[in-house]
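Asker:
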Amino acid sequence: MAKHNITMTINGESVSAEVDSRLLLVHFIRENLDMTGTHIGCDTSSCGACTILIDGKSVKSCTYLAVRADGANITTIEGIAADGTNHPLQKAFHDQHGLHCGFCTPGMIMRSIDLLETNPNPTEEEIRWGISGNLCRCTGYNNIVKSVQQAAEEMSKEKEATV
Amino acid sequence: MFSCKTSPEVGGMGHSVKRKEDARFLHGKGKYTDDVKLPGMLSMVMVRSPYAYAKIKSIDKEKALAIPGVLAVITGEDLAQYNLHWMPTLLSDSQMVLPTDTVMHQSQEVCAVIATDRYIAVDGAEAVDVQYEPMKAIVNPYKALEEDAPLLRPDKEGQKDNHIYHWERGEREKTDAAIAAADVVVKERIHLPRIHVASIETCGIVASYDKDTEKMLIYLTSQAPHAIRTILALVAGHVGLSEEKIRIIAPDIGGGFGGKVPVYPGYVVAIAASFLIGKPVKWIEDRSENLINGFARDYHMDCELAATKDGKIQAFKVSTLADHGYTDSSANPSKYPTGMFSICTGSYDYEHAFAELDAVYTNKAPGGVAYRCSFRVTEAVHAIERMVDKLAAEIGKDPAQLRFENFIKKEQFPYASPLGWSYDSGDYKATLEKAMEMIGYDDYKKEQAEKRAQGKLMGIGICTFTEVVGAGPSKDFDILGIAMFDSAEIRVHPTGKALARFGTKSQGQGHETTYAQILAEELGIPYTDIEIDEGDTDTAPYGLGTYASRSTPTAGAAAAIAARKLKDKGKKIAAHLLEVSEDDIEWEVGKYFVKGAPEKSKTIQEVAFAAYTNIPPGMEPGFEATHYYDPPNLTFPNGAYICVVEVEEETGAIDVKRFVAIDDCGNIINPMIVEGQVHGGLTQGIAPAMYEGIVYDDEGNVLNGTLMDYLVPTAVESPHWETGHTITPSPHHPLGAKGVAESPTVGAPPAIANAIIDALYPLGIKHLDIPITPDKVWEAIQESKAKA
Ligand code: FES
Ligand code: FES
Numbered sequence: 001m002a003k004h005n006i007t008m009t010i011n012g013e014s015v016s017a018e019v020d021s022r023l024l025l026v027h028f029i030r031e032n033l034d035m036t037g038t039h040i041g042c043d044t045s046s047c048g049a050c051t052i053l054i055d056g057k058s059v060k061s062c063t064y065l066a067v068r069a070d071g072a073n074i075t076t077i078e079g080i081a082a083d084g085t086n087h088p089l090q091k092a093f094h095d096q097h098g099l100h101c102g103f104c105t106p107g108m109i110m111r112s113i114d115l116l117e118t119n120p121n122p123t124e125e126e127i128r129w130g131i132s133g134n135l136c137r138c139t140g141y142n143n144i145v146k147s148v149q150q151a152a153e154e155m156s157k158e159k160e161a162t163v
Numbered sequence: 001m002f003s004c005k006t007s008p009e010v011g012g013m014g015h016s017v018k019r020k021e022d023a024r025f026l027h028g029k030g031k032y033t034d035d036v037k038l039p040g041m042l043s044m045v046m047v048r049s050p051y052a053y054a055k056i057k058s059i060d061k062e063k064a065l066a067i068p069g070v071l072a073v074i075t076g077e078d079l080a081q082y083n084l085h086w087m088p089t090l091l092s093d094s095q096m097v098l099p100t101d102t103v104m105h106q107s108q109e110v111c112a113v114i115a116t117d118r119y120i121a122v123d124g125a126e127a128v129d130v131q132y133e134p135m136k137a138i139v140n141p142y143k144a145l146e147e148d149a150p151l152l153r154p155d156k157e158g159q160k161d162n163h164i165y166h167w168e169r170g171e172r173e174k175t176d177a178a179i180a181a182a183d184v185v186v187k188e189r190i191h192l193p194r195i196h197v198a199s200i201e202t203c204g205i206v207a208s209y210d211k212d213t214e215k216m217l218i219y220l221t222s223q224a225p226h227a228i229r230t231i232l233a234l235v236a237g238h239v240g241l242s243e244e245k246i247r248i249i250a251p252d253i254g255g256g257f258g259g260k261v262p263v264y265p266g267y268v269v270a271i272a273a274s275f276l277i278g279k280p281v282k283w284i285e286d287r288s289e290n291l292i293n294g295f296a297r298d299y300h301m302d303c304e305l306a307a308t309k310d311g312k313i314q315a316f317k318v319s320t321l322a323d324h325g326y327t328d329s330s331a332n333p334s335k336y337p338t339g340m341f342s343i344c345t346g347s348y349d350y351e352h353a354f355a356e357l358d359a360v361y362t363n364k365a366p367g368g369v370a371y372r373c374s375f376r377v378t379e380a381v382h383a384i385e386r387m388v389d390k391l392a393a394e395i396g397k398d399p400a401q402l403r404f405e406n407f408i409k410k411e412q413f414p415y416a417s418p419l420g421w422s423y424d425s426g427d428y429k430a431t432l433e434k435a436m437e438m439i440g441y442d443d444y445k446k447e448q449a450e451k452r453a454q455g456k457l458m459g460i461g462i463c464t465f466t467e468v469v470g471a472g473p474s475k476d477f478d479i480l481g482i483a484m485f486d487s488a489e490i491r492v493h494p495t496g497k498a499l500a501r502f503g504t505k506s507q508g509q510g511h512e513t514t515y516a517q518i519l520a521e522e523l524g525i526p527y528t529d530i531e532i533d534e535g536d537t538d539t540a541p542y543g544l545g546t547y548a549s550r551s552t553p554t555a556g557a558a559a560a561i562a563a564r565k566l567k568d569k570g571k572k573i574a575a576h577l578l579e580v581s582e583d584d585i586e587w588e589v590g591k592y593f594v595k596g597a598p599e600k601s602k603t604i605q606e607v608a609f610a611a612y613t614n615i616p617p618g619m620e621p622g623f624e625a626t627h628y629y630d631p632p633n634l635t636f637p638n639g640a641y642i643c644v645v646e647v648e649e650e651t652g653a654i655d656v657k658r659f660v661a662i663d664d665c666g667n668i669i670n671p672m673i674v675e676g677q678v679h680g681g682l683t684q685g686i687a688p689a690m691y692e693g694i695v696y697d698d699e700g701n702v703l704n705g706t707l708m709d710y711l712v713p714t715a716v717e718s719p720h721w722e723t724g725h726t727i728t729p730s731p732h733h734p735l736g737a738k739g740v741a742e743s744p745t746v747g748a749p750p751a752i753a754n755a756i757i758d759a760l761y762p763l764g765i766k767h768l769d770i771p772i773t774p775d776k777v778w779e780a781i782q783e784s785k786a787k788a
């Protein structure tokens with residue numbers, strides 16, 4: 001198995017490691033870096049539990065080789081509550097009861113960050129399509145949709161305030 | 001309506017307080033089994049059978065063992081040396097841990113590879129060379145019962161055919177006579193296919209044996225850690241692993257829904273491997289393993305419903321064939337091999353009913369386990385609710401009207417059902433009226449008539465169900481002889497903060513919040529001051545775990561009663577502090593006071609402090625109480641669900657326009673959490689109704705063994721759910737609560753099926769089995785057109 005030296009930034013910190021060619025990014029994050037907030041729910045990039053941000057874009061890390069992330073800027077669920085303050089999506093999921101078992105939640109939140117980045121004011125239908133790559137078996141999605149709506153409102157208010 | 005007794009700060013029953021457990025999940029700090037990492041931990045991967053039925057000719061481990069990092073390959077022969085190659089199922093059948101000669105279903109575990117990391121273990125699994133001699137699999141349960149069918153379980157002494165058991169309930173002759181004499185009889189064969197639980201977290205274990213202390217520490221995705229520990233001890237006791245040496249910790253669980261009740265072979269092999277190697281061993285299923293080795297409904301039901309010509313129901317009969325796969329691994333209580341299937345008489349009042357069931361072996365994964373269903377209620381409700389709709393169509397009566405005319409009336413409770421259950425309470429009429437009002441039933445009826453006149457297909461489907469949850473009273477319920485009580489243990493610390501432990505285990509239901517609310521309600525200690533702990537067999541009191549909507553009915557009741565014991569002790573302490581007789585002390589939430597002198601009072605926190613510092617002479621110090629609750633009866637939540645659909649004739653596409661669910665689960669602890677449970681359950685109800693079903697070919701191959709082709713609904717397929725409730729408290733539950741989480745998975749599929757079939761009725765289509773997919777609808781439309 002060929003080895004590769006890779007360096008990337010995760011949640012603002014630089015990490016370097018020597019990894020096997022075949023190592024998946026999700027395993028690199030969970031096992032080598034001990035950040036277990038990124039979850040694994042399938043083997044076919046169907047569930048979205050492993051979603052993270054690579055250079056700001058949501059990506060399913062279970063179908064992404066760690067070597068490919070060399071030089072990338074990665075954000076996981078552990079890296080979004082800046083200085084201990086909840087991200088508006090974290091707050092909204094809590095307010096709207098957008099989680100039950102919490103297993104899909106990190107992936108849902110990471111996906112929603114990207115969604116709101118590209119479409120800050122989505123309709124219910126756009127939210128439903130926007131998170132359709134992420135499965136939740138517990139909540140029935142109603143409250144996840146509401147959570148994303150609340151966060152969208154809060155984030156656009158914040159933006160207005162800073163303009 | 002239920003009104004709150006406590007302030008929002010105290011947060012007792014009825015408050016939609018936000019969940020205490022959320023923070024760790026929102027920050028990625030939940031600790032699930034796969035997150036556990038122990039020093040020196042090894043990884044285990046299963047080698048699985050590609051065939052549904054085959055002889056194992058040989059297993060060659062050599063190439064696998066030659067891979068650096070592969071430490072062991074464990075086969076059935078290896079386990080046989082310890083008599084560990086077979087294990088009992090929860091219903092006294094036997095299940096292979098690893099086979100020594102024959103594989104019985106596709107994806108069955110054949111051997112296990114243990115290596116220093118998962119990637120190497122996978123390499124090892126690929127390098128194991130297993131030679132098979134495939135045999136003709138039996139896939140169809142009806143064929144399994146034919147006389148010339150080969151005997152699948154020759155290992156079982158006295159087993160002559162593939163029949164497992166026959167069970168019946170009710171009066172066959174009287175029911176047959178009533179059916180023979182009736183004006184109208186509707187009949188249907190209804191199949192509920194195998195489905196997959198699809199909790200997003202799969203199952204897994206970390207087993208860690210310490211040779212020096214002789215203790216086995218197990219992290220397990222388990223909904224019932226205590227019961228599993230007892231079972232493990234019963235099996236492994238003979239190698240010295242007795243119960244007190246086993247500690248099971250069920251950490252955070254990423255959804256269970258019944259799939260995390262059984263003992264899977266992988267658990268046993270991982271435990272055995274750790275015992276033998278003396279290092280921690282982790283085994284986490286991948287999705288396909290989880291999917292193919294999961295689950296059932298898999299009931300084929302022949303139903304007959306008899307009525308007068310104006311629609312008075314007189315009798316119901318259902319004969320069922322249950323496909324249990326190669327072993328009966330049902331999680332049903334021992335005395336009820338078909339669980340609570342006998343609730344199949346539904347919400348209606350009639351005299352004659354008869355239900356029978358035959359279970360059969362086939363070459364499929366062990367089936368028969370309950371999936372978000374209180375032991376077969378889903379099948380029962382589907383049968384009766386489809387048949388009631390069929391009757392309505394047959395006699396030309398509005399299905400709502402037919403239901404009103406046949407409902408058990410409010411004043412008939414407690415109601416003795418013809419199949420032997422005693423329903424505790426309900427107001428079915430009020431529930432259905434509320435659902436009809438909320439959805440605007442009459443308007444939809446008008447719209448439907450107009451659409452039909454234009455040749456468009458629109459359907460309205462109703463399901464009014466009675467659930468039966470809270471397993472259960474020890475007189476009726478046990479698993480391997482262990483009575484199905486549950487427990488709560490409360491410790492109030494001197495400063496008035498508390499820790500409470502339970503025998504149940506949340507998989508996302510929000511126990512940390514609801515249990516704290518129950519205690520807040522009873523004691524007046526704010527819910528934020530109460531820590532809830534579950535899932536560690538070394539610390540939690542013994543309980544039977546969380547499934548079958550039993551946590552609130554059993555452990556919730558235990559919490560209330562334990563709190564009341566504590567309150568009684570507190571009263572004595574308060575009397576001592578206030579220097580009056582105990583009889584002069586009264587209680588209001590959070591406070592003891594002197595009768596007629598409310599200014600002379602002591603808060604529960606002051607009393608708690610006194611329990612450690614200033615107690616009446618002779619009293620035992622401390623402020624703790626425990627209760628093991630054995631319920632006097634089950635609880636019977638009910639609901640009325642209405643669904644409106646439109647079907648496109650050209651394509652068979654189905655559009656769910658509206659779905660209204662009214663649930664009556666008695667008194668509500670946290671309305672927000674109850675609503676959330678209902679939403680989730682409804683999505684798990686639309687799933688089997690329209691999308692999900694495990695598909696087998698004739699050789700027993702699973703054709704949709706990944707989430708790419710097994711269609712779990714996403715946010716796009718899930719409608720915007722509309723929910724509401726009525727409240728009929730349970731008369732025998734200490735909180736008047738009933739349990740709710742499984743009602744929607746039970747009630748939604750027939751409501752949706754009824755709606756779709758109602759839409760197709762003008763085309764002469766009178767029944768379709770779920771999942772009702774667009775292609776199934778399209779084919780039915782083509783067939784009906786060909787006939788016309
Ligand atoms: S684990 Fe990556 S999509 Fe399911
Ligand atoms: S909260 Fe459990 S899977 Fe989404």
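For the protein sequence lines, the chains are S and G, in the order given. Taken in order, the first sequence gives residues 1 to 163; the numbers are from full-length UniProt numbering. Taken in order, the second sequence gives residues 1 to 788; the numbers are from full-length UniProt numbering. For glycine and all other residues, C-beta sits at the position ideal for the given N, C-alpha and C. A quick note: this is a predicted structure, and the numbers were derived from the prediction, not measured.
Is there contact between the stretch 172 to 185 of chain G and the stretch 669 to 680 of chain G, where contact requires at least three CB pairs shorter than 8 Å?
Answerer: The stretch 172 to 185 of chain G vs the stretch 669 to 680 of chain G: no contact.
Asker: Residues of chain S with CB closer than 8 Å to the CB of G/Met41, please, in chain order.
Answerer: The count along the second sequence starts at 1 and reaches residue 41 of chain G at position 41. Under the 8 Å cutoff, chain S gives no residues; its nearest Cβ is about 10 Å from G/Met41.
Asker: Suppose you measure from the CA of G/Gln314 to the CA of G/Glu351; what does that come to, to the nearest Å?
Answerer: Counting from one through the second sequence, the residue named residue 314 of chain G turns up at place 314. Counting from one through the second sequence, the residue named residue 351 of chain G turns up at place 351. Looking at the two C-alpha atoms, the distance is approximately 6 Å.
Asker: With a CB to CB cut of under 8 Å and the five nearest residues on each side skipped, what residues in its chain are close to G/Lys429?
Answerer: Indexing the second sequence from 1 puts residue 429 of chain G at position 429. The residues are Phe404, Phe407, Lys409, Lys410.
Asker: Buried or exposed for G/Tyr142, please, with buried defined as at least 16 other CB atoms from any protein chain shown within 10 angstroms of its CB.
Answerer: As a working note, residue 142 of chain G is residue 142 in the second sequence. Classification for G/Tyr142: exposed.
Asker: Going straight from the alpha carbon of G/Val186 to that of G/Val644, what length do you get?
Answerer: The residue given as residue 186 of chain G occupies position 186 in the second sequence. The residue given as residue 644 of chain G occupies position 644 in the second sequence. Those two C-alpha atoms are separated by around 24 Å.
Asker: Is there a Cβ from chain S that is less than 9 Å from the Cβ of G/His679?
Answerer: In the second sequence, the residue the question calls residue 679 of chain G occupies position 679. Yes, because at least one Cβ of chain S sits closer than 9 Å to the Cβ of G/His679.
Asker: Go through the residues and name those whose CB comes closer than 6 Å to any heavy atom of ligand 1, in chain order.
Answerer: Residues with a Cβ closer than 6 Å to any heavy atom of ligand 1, in chain order: S/Ile40, S/Gly41, S/Cys42, S/Ser45, S/Ser46, S/Cys47, S/Gly48, S/Ala49, S/Cys50, S/Lys60, S/Cys62.
Asker: With a threshold of 8 Å (Cβ to nearest heavy atom), would S/Ser147 be considered close to ligand 2?
Answerer: To locate residue 147 of chain S, count along the first sequence from 1; it is residue 147. False, no ligand heavy atom lies under 8 Å from that Cβ.
Asker: DSSP state of G/Ala370, grouped into three classes?
Answerer: Within the second sequence, numbered from 1, the residue matching residue 370 of chain G stands at position 370. G/Ala370: coil per DSSP, three-state reduction.
Asker: Closer than 9 Å, Cβ to any Cβ of chain G: which residues of the stretch 133 to 154 of chain S, in chain order?
Answerer: Per Cβ criterion, the list reads Gly133, Asn134, Leu135, Cys136, Arg137, Cys138, Thr139, Gly140, Tyr141, Asn142, Asn143, Ile144, Val145.
Asker: Going by DSSP, what residue range makes up the alpha helix (DSSP H) through G/Trp167?
Answerer: As a position in the second sequence, residue 167 of chain G is number 167, starting the count at 1. Where G/Trp167 is concerned, there is no enclosing alpha helix (DSSP H), although the beta strand (DSSP E) it sits in stretches over 163 to 170.
Asker: Establish whether the CB of G/Glu188 and some CB of chain S are separated by less than 9 Å.
Answerer: Indexing the second sequence from 1 puts residue 188 of chain G at position 188. Cβ-Cβ to chain S under 9 Å: no for G/Glu188.
Asker: For G/Arg287 and chain S, any beta-carbon pair shorter than 9 Å?
Answerer: Within the second sequence, numbered from 1, the residue matching residue 287 of chain G stands at position 287. Yes, G/Arg287 counts as interfacial toward chain S.
Asker: Could you compute how far the alpha carbon of G/Pro337 sits from the alpha carbon of G/Leu91?
Answerer: In the second sequence, the residue the question calls residue 337 of chain G occupies position 337. In the second sequence, the residue the question calls residue 91 of chain G occupies position 91. Spanning the two alpha carbons is a distance of roughly 8 Å.
Asker: List in chain order: all unbroken alpha helix (DSSP H) runs of 4+ residues lying wholly within the stretch 411 to 464 of chain G.
Answerer: Fully enclosed alpha helix (DSSP H) runs of 4 or longer: 428 to 439, 441 to 453.
Asker: Which residue comes first and which comes last in the alpha helix (DSSP H) that contains G/Phe375?
Answerer: By one-based count along the second sequence, residue 375 of chain G stands at place 375. No alpha helix (DSSP H) holds G/Phe375; DSSP gives it neither H nor E.
Asker: Using a Cβ cut-off of 8 Å, pull out every chain G residue sitting near S/His94, in sequence order please.
Answerer: Counted from its first residue, the first sequence places residue 94 of chain S at position 94. Within 8 Å Cβ-Cβ: Lys18, Arg19, Asp22, Ala23, Leu26.
Asker: Quick one, which of G/Pro399, G/Lys20, G/Met96 has its alpha-carbon nearest G/Ala365's?
Answerer: Taking the second sequence and counting its residues from 1, one reaches residue 365 of chain G at position 365. Closest by alpha carbon: G/Met96.
Asker: Mind pulling the chain S residues with CB within less than 9 Å of G/Val360?
Answerer: Along the second sequence, one-based indexing puts residue 360 of chain G at 360. Near G/Val360 there are no residues of chain S at all, since even the closest Cβ is about 30 Å away, more than 9 Å.
Asker: Once DSSP output is grouped into helix, strand and coil, what is the label at G/Phe257?
Answerer: Taking the second sequence and counting its residues from 1, one reaches residue 257 of chain G at position 257. Here G/Phe257 sits in coil by DSSP.
Asker: Listed from N- to C-terminal order along the chain, which residues in the stretch 105 to 122 of chain S have their beta-carbon within a distance smaller than 8 Å of any beta-carbon of chain G?
Answerer: Listed in sequence order: Thr105, Pro106, Ile109.
Asker: Pair every Cβ in the stretch 248 to 266 of chain G with every Cβ in the stretch 215 to 224 of chain G, then say whether three or more of these pairs are closer than 8 Å.
Answerer: Contact between the stretch 248 to 266 of chain G and the stretch 215 to 224 of chain G is present, because at least three Cβ pairs lie under 8 Å.
Asker: Residues of chain G with CB closer than 9 Å to the CB of S/His4, please, in chain order.
Answerer: For the purposes of this step, residue 4 of chain S is taken as residue 4 along the first sequence, with counting starting at 1. Within chain G, no residue comes near S/His4; the closest Cβ sits about 15 Å away, beyond 9 Å.
Asker: With a cut-off of 9 Å, does the C-beta of S/Arg128 fall near any C-beta of chain G?
Answerer: On the first sequence, position 128 is the one that residue 128 of chain S refers to. Interface residue, yes.
Asker: State the Cα-Cα distance for the pair G/Val36 and G/Val281, rounded to the nearest angstrom.
Answerer: Residue numbering aside, residue 36 of chain G sits at position 36 when the second sequence is read from its first letter. Residue numbering aside, residue 281 of chain G sits at position 281 when the second sequence is read from its first letter. If I take the Cα positions, the gap works out to 11 Å.
Asker: Under the assumption that G/Cys203 contacts G/Asn290 (Cβ atoms under 8 Å), give the Cβ distance between them as a whole number of angstroms.
Answerer: Walking along the second sequence from the start, residue 203 of chain G turns up at place 203. Walking along the second sequence from the start, residue 290 of chain G turns up at place 290. About 6 Å separates the two Cβ atoms, so the contact holds.
Asker: Give the DSSP-derived three-state secondary structure of S/Leu33 in the structure shown.
Answerer: On the first sequence, residue 33 of chain S is found 33 positions in, with the first residue counted as 1. Here S/Leu33 sits in coil by DSSP.
Asker: Considering only the beta carbon of each residue, do G/Asp34 and S/Thr105 sit closer than 9 Å?
Answerer: Your numbering for residue 34 of chain G matches position 34 in the second sequence. Your numbering for residue 105 of chain S matches position 105 in the first sequence. No, these two residues do not count as a Cβ contact at 9 Å.
Asker: Can you find at least 3 beta carbon pairs, one from the stretch 471 to 484 of chain G and one from the stretch 328 to 345 of chain G, that sit closer than 8 Å?
Answerer: Touching, yes.
Asker: At a CB-CB cut-off below 9 Å, which residues of chain S make contact with G/Val712?
Answerer: Reading the second sequence from its first residue, position 712 is the one you call residue 712 of chain G. Within chain S, the residues near G/Val712 are Ser46, Cys47, Leu135, Arg137.
Asker: Entirely within the stretch 713 to 767 of chain G and at least 3 residues each: give me those beta strand (DSSP E) ranges in chain order.
Answerer: Complete beta strand (DSSP E) runs here, min 3: 722 to 725.
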